[in-house]
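In my numbering, the protein residues as written are 3 to 245.
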């Protein structure tokens, strides 16, 4: 097993129990996960879920990682323009309500969108929270790719590995399960929009079994768009359908 930074025991237990409810087994030694065949996942009671990822940041343009609070989380002009265009097209989705996460780049994306007349209100959800890369901010892929924590979290998909002061993939997925539980309680039959991060999108897709294996087609380059300005999967400021 890697000598890596890992989450506290209580958080490990929360993740393991939460994923098990969703028919996902967690190997305690490696942190790897896989679906348990023949299990039924919890019902989703809203009409639909879409997620709009935060606008493109300076970090993305510079091929750097960012934390929740790092200065490179400001938006590029292109990022603002793309988000504004998406904001103008939201009427077609007929959303009933939106929820947004607590970090600055998500809050600021919500502000751009809600500056346009929308039919729905936006409500803050503290646990609508993705990966926090505190400790990796301003670093490039090349600077991190051979470090034990990076290998464990991003290449080996260890649910318990985290940056020294950041979060793990397991925490993100457990948070996403809490989001679905909240939606099930308060948004039955409604069309829901989430303002959040790419890691939350992946977490929701894992819970809802959008792939044969949780990490199918996942790459670090694809997740963070490091080193490739022409990446056609770039979806900052753009809506993705989750459910």
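For glycine and all other residues, C-beta sits at the position ideal for the given N, C-alpha and C. Predicted, not measured: the structure shown is a model, and the values here were computed from it.
> Out of curiosity, what's the CA-to-CA distance linking residue 151 and residue 133?
Replying inline: As a first step, residue 151 must be located in the chain shown, where it is residue number 149. As a first step, residue 133 must be located in the chain shown, where it is residue number 131. Straight-line Cα distance between these residues: approximately 14 Å.
> CA-CA distance, residue 153 and residue 147?
Replying inline: Position 151 of the chain shown, counted from the start, is the residue given in the question as residue 153. Position 145 of the chain shown, counted from the start, is the residue given in the question as residue 147. Those two C-alpha atoms are separated by around 7 Å.
>> Does residue 35 come out as helix, strand or coil in the three-state DSSP assignment?
In response: Here residue 35 corresponds to residue number 33 of the chain shown, with the count starting at 1. Correct three-state label for residue 35: strand.
> Can you round the beta-carbon distance between residue 9 and residue 162 to whole angstroms, since I take them to be within the 8 Å contact cut?
Replying inline: Here residue 9 corresponds to residue number 7 of the chain shown, with the count starting at 1. Here residue 162 corresponds to residue number 160 of the chain shown, with the count starting at 1. So it is a contact: roughly 5 Å between Cβ atoms.
> How many Å lie between residue 7 and residue 118 at the Cα?
Replying inline: Residue mapping note: residue 7 aligns to position 5 of the chain shown, counting from 1. Residue mapping note: residue 118 aligns to position 116 of the chain shown, counting from 1. Answer to the nearest angstrom: the Cα atoms are 43 Å apart.
> Which residues bound the alpha helix (DSSP H) around residue 196?
Replying inline: Along the chain shown, one-based indexing puts residue 196 at 194. That residue, residue 196, is in no alpha helix (DSSP H); its beta strand (DSSP E) goes 193-198.
>> When you compare the region 45-59 with the region 200-208, are there three or more beta-carbon pairs, one atom per stretch, that lie closer than 8 Å?
In response: yes
>> Let me make sure I understand the geometry here. Which of 187, 217, 190, 35 has the alpha-carbon closest to that of residue 201?
In response: Within the chain shown, numbered from 1, the residue matching residue 201 stands at position 199. Nearest of 187, 217, 190, 35 to residue 201, Cα basis: 217.
> Using a Cβ-Cβ cut-off of 8 Å (strictly less than) and excluding sequence neighbours within five positions of residue 159, which residues of its own chain qualify?
Replying inline: Taking the first residue of the chain shown as position 1, residue 159 is located at position 157. These residues qualify, in order along the chain: 33, 34, 35, 171, 216, 217, 220.
>> Strictly by DSSP, which residues pair up with residue 164?
In response: As a position in the chain shown, residue 164 is number 162, starting the count at 1. 170, per the DSSP bridge assignment.
> How should residue 103 be labelled, buried or exposed, when 16 other C-beta atoms within 10 angstroms of its C-beta is the threshold for buried?
Replying inline: Taking the first residue of the chain shown as 1, we reach residue 103 at position 101. Residue 103 is buried by the Cβ-count criterion.
> What are the boundary residues of the beta strand (DSSP E) that includes residue 28?
Replying inline: Walking along the chain shown from the start, residue 28 turns up at place 26. Per DSSP, residue 28 belongs to the beta strand (DSSP E) from 26-28.
> In terms of DSSP beta bridges, what is residue 43 paired with?
Replying inline: Within the chain shown, numbered from 1, the residue matching residue 43 stands at position 41. Paired residues: none, contrary to the question.
>> Can you list, in chain order, the residues of its chain with a C-beta nearer than 6 Å to that of residue 243? Leave out the 5 residues immediately preceding and following it.
In response: Taking the first residue of the chain shown as 1, we reach residue 243 at position 241. If we look at residue 243 and ignore the five residues flanking it on each side, its Cβ neighbours are 52.
> If we ignore side chains and look at the alpha-carbon of each, how far apart do residue 157 and residue 222 end up?
Replying inline: As a first step, residue 157 is located in the chain shown; it is residue number 155 there, counting from the start. As a first step, residue 222 is located in the chain shown; it is residue number 220 there, counting from the start. Looking at the two C-alpha atoms, the distance is approximately 8 Å.
> Which runs of the alpha helix (DSSP H) fall wholly inside the region 107-144 and span at least 4 residues, in chain order?
Replying inline: Every candidate alpha helix (DSSP H) stretch fails here, since none sits fully inside the region 107-144 while reaching 4 residues.
>> Quick check on residue 168: buried or exposed, where buried means 16 or more other Cβ atoms within 10 Å of its Cβ?
In response: Start at 1 with the first residue of the chain shown, and residue 168 comes out as number 166. By the 10 Å Cβ count, residue 168 comes out buried.
> Do you know offhand how far residue 92's Cα is from residue 238's?
Replying inline: Along the chain shown, one-based indexing puts residue 92 at 90. Along the chain shown, one-based indexing puts residue 238 at 236. Looking at the two C-alpha atoms, the distance is approximately 16 Å.
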